[in-house]
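Here is the structure we will look at, set down as structure tokens.
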Amino acid sequence: TRVIEFSTVVLRPSIRSFDVLNPTNDLYTFKWKCEDSGCSPFRCLNPCGTILPGKTVQIIMRFKSASMDTYNQGAITHKTGTHNMVTQHIYQIYLQFPFFQMNPQYLTFLLCVKSYKAQQFVDLVNCEEETFHFAILESSLLCDDQKSLLKLEPLSGVIQPNARLSLSVSFTPCCKGQKRFRLVLRMKKKPEPLVLTVKASCLPMAASLQVKMPDCVTRRINPDEEETLNFGEVEKSEQSFFYFLLTNQSKFSMVVNIELTGNVNLLQHLKAEHQNAVIDVGNHLQTSLLFSPRGICNLQDVNLKIKVKLGPSYFFAIKGKCSAPSIEFSFTRHNFGKCLLHHPGMVPASTTLVICNKGLKDVGLQCQFRNTPYMELDCGTNVLPPGAFLDVPIRFLPRELCPYHEKVTFVLNSCITREVSLLGHGVKMKKLEVEDPRQRKLNFGSLNSGCKMKKKVKLVNRSSIDVSFKLLLNTQLDQKDLSLNQTGELKLKASDGSCFVEILFSPHQRLAAFTAELLAQCAGVSYPLLTLQGSCPGVKVQLDQGHLAFGAVVQHCQASRKIVMINSGDVGTSFCWKTDKLARGLSITPAKGFIRPGMEIPLDVTFAPATLSEDIRYEVSCAIGSSSVLGLTVTGSCIVVSTNKEVLQFVCPVRGSHTQMLQVNNPMTQQCRIIPVLKGGPWRVAPFLDLEPLETKMIEITYQPMKMTADGTKDLASVFFSFPDGSGVKFRLQGIAEPPKVEDTIVCQLPAKTEHTVVLRVHNWLPKKQHRFRVLMEFLKPDKPDATMSITGLPFIDVPALARKDYKMSFFTYREGQYNTKVTFQNATSGEYLFYLVTFESLPAGPLSTVELVATVREKVSGSVTVENPLSNATCLTMECKCPEISVPSEHTVPGESKGSVSFEYQPLHARHSTARLTLHSVELGYFHYDLSLRALPPPPERTVHFSAPLGRSQVELVKFISYSHVKTEYSCSTDSPAFTVDKTVTASPGYRQPSEAAVSVCFEPYQLGEVQSLLTLSSDTGGQYTFVLRGTCVPPQAHGPLTIKPGRSLNIPFKNVFLQQTTYSFQVNNPCFVVKGFNPNFGPKKAENIPVSLVGASREPPGTLLRHPDPLLQGPDAPLLWDYYLQSPGP
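In structure tokens form, the structure reads like this:
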């Protein structure tokens, strides 16, 4: 026994060779045979051969494992054919696996950032001398939680002998936490895979952003949600900031990018600091967004994005606008026109420029004009608050005979300029006078007070230039008594320019005879134009006392005093107290009227103080006519009212009412009407109460609360009664508003399985729109509702002030019974509510729907209905239909919380339109009724039955049909042609599980040649109607016989009249030995007779000879129709 050793790598072939010597002188043949069972990995490359004497042959052995299994040892036999010698060789195998390794075998990704790709490299080392294929198991790229994924490149490839291949391992975390991977790398020719363990720690790039608004309010911003930053309205050259504080809460330094996007023309007004920055761990970044408008703008579609690399993003929509200061000038150009040259003492031409701030911010105003000898302005540097006005006086003092033009510049907020143009011209003064010399002295005469008289005067400018002047009255009279219609500056053109002046004399008081002078003031110089004279008789009205003292009066009470107005003059006049200016606690009656000369009028003065005070003083004036005023001083004090110790208690449901009677005593000895004053709380009282002297009377007070009082609290109020003498009494009121009563109790009757809608009227008892009512619906009975009943409606309802609105709620139930519900409408803010009690009486359900089925008679059609089971458990439905043409299963189960389809079949037996009812019943869901609209169409004719018979004969066929009736049925039979006859009735067996077959016999007996068609009708009230087409063919009559008649004997030949009418036949015999006699040739319809035929003597014909057509024995009414009967006599 020899041993052959092999040392090899798995799946790699190994070859060993050795020499075999033939030491003999004979030819040596050999053969190698492997003794392993099955497929052996060991093979000899030259298994047989011949070795010459004294020679050697090299034997080559090859080993290659076909699988990853390990082979330890085996045997091979060497046999020589010449000497019949057998040698056994044992091979010992030492298998080694290919040597590969991963360097390193463990990877760790420390502190990875979410969405950030981290990458490392690992080397795959091939220590063998050959090329190997490798592949990564893709399922091993997922981590244990099946969410995170590694990426390895390349996933497969080839590694060269004794080489290294660098593999890229990258990890992009999608969520935070510890992740673990076990990468499996399979190598061809290596049974065990290589494993690379990867661990990763993922942390989010956490950040916190706070924004400080311009109003110093700080707000935290949520990432990935767009916020709006509104600078509001900022004026030009102003600045407005938003401050941002970004905190790095992660364990990495973060890179921040701040980006402004939008219209380029708008971005020039914005500036963001630190557009790119790095924030270390735990540190902050303070940045800001500046809005400093350079001109008028409106920020639209401008966005700010703060992006943390590998972290959150913050989005902002930037709003704001810049507008010019809302400063309004009363004019921007003013022309003084022609003005007289200025001299000392003259009033210069002037105007006032009014500057108004229409905006909402202070505006700085600076005038850059410096006064000149001919133009003066009184304006410096000012700050105009919002809504403020600034008057800028402007004076024109021309020094020379020339035109003047100046521009006044105003600077707003040190950045915006406005200009005002001022123009004028210097001229000299000439002559001004009255055109009519007779009007230089005007006399108005004596005019009563209140009367008016006008005088019109024409003034003429005799100078060569335009003249501007003012008219003045040189008098001590009031302007109301004597006035001019021309009060402003007048301008007359040069060379007889003129104007009219109206002088009005309307005295309002007594005036003695007076003389006044009309002056023209021009260029600071006044000179007379004309004189005025006149007078007015007057009146004298006075009060009997100018001071009225009331003393102490109770608060909210009133006291009255009388005064007298006396007219001691000789002219009557009107009077009017200025009631619109009177204090709230003082009134005078009558407030106006007419007082004649020598008349006295009493006046009632009422003092009703409302505020506690020890000293109250009123100064009241009265207009006498239109010329004088009287004064009256009223004094008094206001003291505290006495409160009754008794407290009136009220209790009622909210929005209800409770009325009580209150006793009021009149402490005075005179009749009076008092007006109750109610303060606080939801109470109502009569508007007034009339009391007789010292009378005691009852007055109603009603408590009407609109809100429920909280536990332990009450509504508080007081009612106060004041008397004319200044005294009063006060009562305290307390009320408790209990929960509301039910609005209404509604009872509704409805069939089960039908949704019913109830309309509830919801009213808003407040004079303003309430916060929306929240709707709460609940079952009171049964206590534990299930899924077979439901009540639905909108969760909210809005009702306008003091209005009503309908609310619709829907109720549905599967079963019969009574269901009590409560529907509450509650104000979500105040908690006030109203509610309804609704009772639903569920009656047996009617048909839920109508199912229409159309089928041809005796054909089946399927229908179905859908039943919903709202319960969580399955329910069993029993089904019933009394129509025999409907087939339904006895039971059907519907799973919980699902819909089930129940199928049934319709097989009509009659062509008609009918109705039926399908009923499904469940203990849990009650009855389900469905109406069936059944329409059966007439069936097509049955198969055609063919007949063929010669005229005079008949054919009988059996017609079969299928009866679908469930009971034994008798069918009536008929045909519409006399050529076919059938039994009157046929009976069919009942078909319970399957239809039964029946047959009817039909006889075809034609009465004319050719084809005939008929309908066979089988009908029954229970089994329906069948129609068969019968088609028969009638051929010419066939010959009969031969008939044998013995000599001296007779033979009756049966013959039938097949026609439908009486027919006469003729009989002919072509052999005189045969005689027909004693027979009536007239045949009734369908009547059969025997024709007697006798044989007289011996026939000449030989025995067996037939007498054939055309020698007929019988001939019918139509020449073509012949019946041949062949007669013979027996042979000798």
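First residue of the sequence shown? That's -18 in the numbering used here, and the numbers climb one at a time after it.
Each residue gets a CB set at the ideal place from its N, CA and C atoms; glycine is no exception.
As the structure is a prediction and not an experimental result, all values here were calculated from the model.
Asked	Found
For residue 362, I'd like the list of residues in its chain whose CB is within less than 6 Å of its CB, leaving aside the five on either flank, ordered along the chain.	347
So, are the CB atoms of residue 995 and residue 937 less than 8 Å apart?	no
I'd like the span of the beta strand (DSSP E) that includes residue 801, first residue to last.	798 to 808
In angstroms with no decimal places, state the Cα-to-Cα distance between residue 17 and residue 71.	11 Å
In whole angstroms, what is the alpha-carbon distance linking residue 28 and residue -4?	14 Å
Can you have a look at residue 656 and say buried or exposed, based on whether 16 or more other CB atoms are within 10 angstroms of its CB?	exposed
Pair every Cβ in the region 851 to 863 with every Cβ in the region 892 to 901, then say whether three or more of these pairs are closer than 8 Å.	yes
Using the C-alpha atoms, what's the distance from residue 920 back to residue 884?	24 Å
Between 248, 383, 372 and 737, which has its C-alpha nearest residue 822's C-alpha?	737
Alpha carbons only, please: which of 15, 847, 165 and 869 is nearest the one belonging to residue 879?	847
Would you call residue 188 buried or exposed, if buried means 16 or more other Cβ atoms sit within 10 Å of its Cβ?	buried
Would you mind sorting residue 197 into buried or exposed? The rule is 16 or more other CB atoms within 10 Å of its CB.	exposed
Could you tell me whether the Cβ atoms of residue 321 and residue 356 are closer together than 8 Å?	no
Just list the residues that DSSP pairs residue 585 with in beta bridges.	543 and 570
Using the Cα positions of residue 171 and residue 13, report the straight-line distance between them to the nearest angstrom.	32 Å
What are the start and end residues of the alpha helix (DSSP H) that includes residue 246?	245 to 248
Please give the ranges of any beta strand (DSSP E) in the region 237 to 293, keeping only runs that are unbroken, at least 3 residues long and fully inside the region.	251 to 253, 257 to 260, 265 to 272 and 278 to 289
Hey, how far is the Cα of residue 635 from the Cα of residue 793?	33 Å
On the three-state DSSP scale, how would you describe residue 932?	coil
Does the beta-carbon of residue 796 have 16 or more other beta-carbons within 10 angstroms, so that it is buried, or is it exposed?	buried
Starting from the Cα of residue 640, find the closest Cα among 685, 113 and 452 and give me that residue.	685
Could you tell me the distance, in whole angstroms, from the CA atom of residue 815 to the CA atom of residue 557?	56 Å
According to DSSP, simplified to helix, strand and coil, what is residue 421?	helix
Rounded to the nearest angstrom, how far is the Cβ of residue 619 from that of residue 611, given a contact under 8 Å?	Contact doesn't hold; Cβ gap of about 26 Å is too wide.
If you follow the beta strand (DSSP E) that residue 105 is part of, which residue opens it and which one closes it?	99 to 107
Helix, strand or coil for residue 121? Go by DSSP, reduced to three states.	helix
Which residues does DSSP list as the beta-bridge partners of residue 607?	Paired residues: none, contrary to the question.
My understanding is that residue 887 touches residue 866, with C-beta atoms under 8 Å, so please give their C-beta distance in whole angstroms.	6 Å
Going by alpha carbons, who is nearest to residue 34 out of 6, 129 and 101?	6
Determine the DSSP secondary structure at residue 673, reduced to helix, strand or coil.	coil
Exposed or buried, residue 303, counting other C-beta atoms within 10 Å across all chains shown (16 or more means buried)?	buried
Per DSSP, what are the beta-bridge partners of residue 873 in this structure?	858
Between residue 733 and residue 824, which are expected to be in contact by the criterion C-beta below 8 Å, what is the C-beta distance as a whole number of angstroms?	7 Å
Taking only three categories from DSSP, how would you classify residue 1092?	Bear in mind that a pLDDT of 32 at residue 1092, under 50, signals an unreliable position, so the model cannot answer this.
Taking Cβ to Cβ, would you say residue 911 is nearer than 8 Å to residue 830?	yes
By the 10 Å Cβ neighbour count, where 16 or more other Cβ atoms means buried, how is residue 412 classified, buried or exposed?	exposed
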